[in-house]
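Notes to accompany the following structure.
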């Protein structure tokens, strides 16, 4: 009978206090075997009830983070008990699944690229690029070679055997390039006079 | 910001006994009640309402830390508590204050009374 009264008194406590300490107070009451002690505990619970409602309004509700921080940013642990083992296993499994999904998506995107057709503009180089020594001379732009593009790279070809200085000035027609000597193809430079067509030189961007 | 232990003094009788009990190690509520009764040789009895009201205040002021339930305890409703570093400092400061009070009291009581 006293246990039922004690339970009622505990239920009448403010919710935050009851949720936090109600079970423990009930546990202590259950351990008290003698009737005299039970009466004392019941009186103590009634006094606690009056005290909590009249003197402890700050503990009626669970304090929020803003109240706990008191204007100062800080980290606050809401629950001091350790998480359940099942929750840890579930979290680990979920993390592994998400990581696996991200890895698979990145791998698929790497192996299946999407190509966009972009029309590459034709850029004409300055006229004097094919001329040696006299950039101030007037040069026919029509005779200038276009830039060669190679899948997005821009290949600038100058001093080529085809477009010599005289051709760039529009004085002669372009001549066919001489076949490269075997030693030139192997990488060694040939020493030819200045009037001869220059070797291939280019810049790749 | 570090709090000054002296700002918590003087402690109430209940708070002093609870901090003294927890200075020996982590305990649940019922063990604290029994330890307080043993400390005072049965002269001071504390009910659960007083105990948890004080514990609530001391947890809020970060003198005591709540550890939660322990696996393997015979009563799963029990929660364990322990003294924080701030609580230990407050208890040490209070003991030093009480020690000076006791020494001063002994000195004054030993002096012969002047008529």
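Protein chains in written order, with our numbering: chain A, 49 to 253; chain B, 4 to 118. Note that the Cβ used here is the ideal one computed from N, Cα and C, for glycine as well.
Look at the alpha carbon of residue i and the alpha carbon of residue j, and state the distance between them as a whole number of angstroms.
i, j, result
"residue 65 of chain B", "residue 41 of chain B", "26 Å"
"residue 23 of chain B", "residue 88 of chain B", "14 Å"
"residue 73 of chain B", "residue 63 of chain B", "22 Å"
"residue 100 of chain A", "residue 70 of chain B", "23 Å"
"residue 139 of chain A", "residue 150 of chain A", "17 Å"
"residue 137 of chain A", "residue 163 of chain A", "42 Å"
"residue 109 of chain B", "residue 17 of chain B", "25 Å"
"residue 56 of chain A", "residue 66 of chain A", "11 Å"
"residue 61 of chain A", "residue 106 of chain B", "43 Å"
"residue 106 of chain A", "residue 152 of chain A", "52 Å"
"residue 54 of chain A", "residue 32 of chain B", "17 Å"
"residue 102 of chain A", "residue 141 of chain A", "49 Å"
"residue 144 of chain A", "residue 76 of chain B", "34 Å"
"residue 176 of chain A", "residue 161 of chain A", "41 Å"
"residue 82 of chain A", "residue 43 of chain B", "22 Å"
"residue 82 of chain B", "residue 159 of chain A", "56 Å"
"residue 68 of chain A", "residue 78 of chain B", "16 Å"
"residue 6 of chain B", "residue 134 of chain A", "39 Å"
"residue 104 of chain A", "residue 39 of chain B", "24 Å"
"residue 102 of chain B", "residue 28 of chain B", "23 Å"
"residue 148 of chain A", "residue 173 of chain A", "50 Å"
"residue 94 of chain A", "residue 114 of chain B", "48 Å"
"residue 110 of chain A", "residue 70 of chain A", "15 Å"
"residue 46 of chain B", "residue 34 of chain B", "17 Å"
"residue 84 of chain A", "residue 98 of chain A", "22 Å"
Is the separation between the beta-carbon of residue i and that of residue j shorter than 8 Å?
i, j, result
"residue 64 of chain A", "residue 108 of chain A", "yes"
"residue 50 of chain A", "residue 72 of chain A", "no"
"residue 80 of chain A", "residue 89 of chain A", "yes"
"residue 52 of chain B", "residue 78 of chain A", "no"
"residue 86 of chain B", "residue 26 of chain B", "yes"
"residue 104 of chain B", "residue 8 of chain B", "no"
"residue 20 of chain B", "residue 61 of chain B", "no"
Residue i and residue j look like a contact to me (Cβ under 8 Å); what is the Cβ gap, rounded to whole Å?
i, j, result
"residue 30 of chain B", "residue 54 of chain B", "Their Cβ separation, rounded to whole angstroms, is 11 Å, which puts residue 30 of chain B and residue 54 of chain B out of contact at 8 Å."
"residue 96 of chain A", "residue 80 of chain B", "No, residue 96 of chain A and residue 80 of chain B are not in contact; Cβ-Cβ is about 17 Å, not under 8 Å."
Should residue i go down as buried or exposed, given a rule of 16 or more other Cβ atoms within 10 Å for buried?
i, result
"residue 57 of chain B", "buried"
"residue 154 of chain A", "exposed"
"residue 84 of chain B", "buried"
"residue 90 of chain B", "buried"
"residue 59 of chain B", "buried"
"residue 146 of chain A", "exposed"
"residue 58 of chain A", "buried"
"residue 52 of chain A", "exposed"
"residue 68 of chain B", "buried"
"residue 170 of chain A", "exposed"
"residue 240 of chain A", "Its pLDDT being 45, under 50, residue 240 of chain A is placed unreliably in this model, and the value from its coordinates should be taken loosely. It is exposed - the Cβ of residue 240 of chain A has fewer than 16 other Cβ atoms within 10 Å."
"residue 220 of chain A", "Caution is warranted here: a pLDDT of 49 is assigned to residue 220 of chain A, below 50, making its placement in the model unreliable, and the coordinate value is therefore given only provisionally. Residue 220 of chain A is exposed by the Cβ-count criterion."
"residue 231 of chain A", "Its pLDDT being 47, under 50, residue 231 of chain A is placed unreliably by the model, and nothing is read from it."
Would residue i pass as an interface residue toward chain D - the criterion being a Cβ-Cβ separation below 8 Å?
i, result
"residue 67 of chain A", "The chain labelled as chain D is not found among the protein chains of the depicted structure, namely A and B."
Would the beta-carbon of residue i be found less than 7 Å away from any heavy atom of the ligand MN?
i, result
"residue 9 of chain B", "Absence of the ligand MN from the depicted structure is noted, as is the absence of any ligand whatsoever, leaving it without description."
Sufficient close CB pairs (3 or more, under 8 Å) joining the stretch 87–104 of chain B to the stretch 6–22 of chain B = yes
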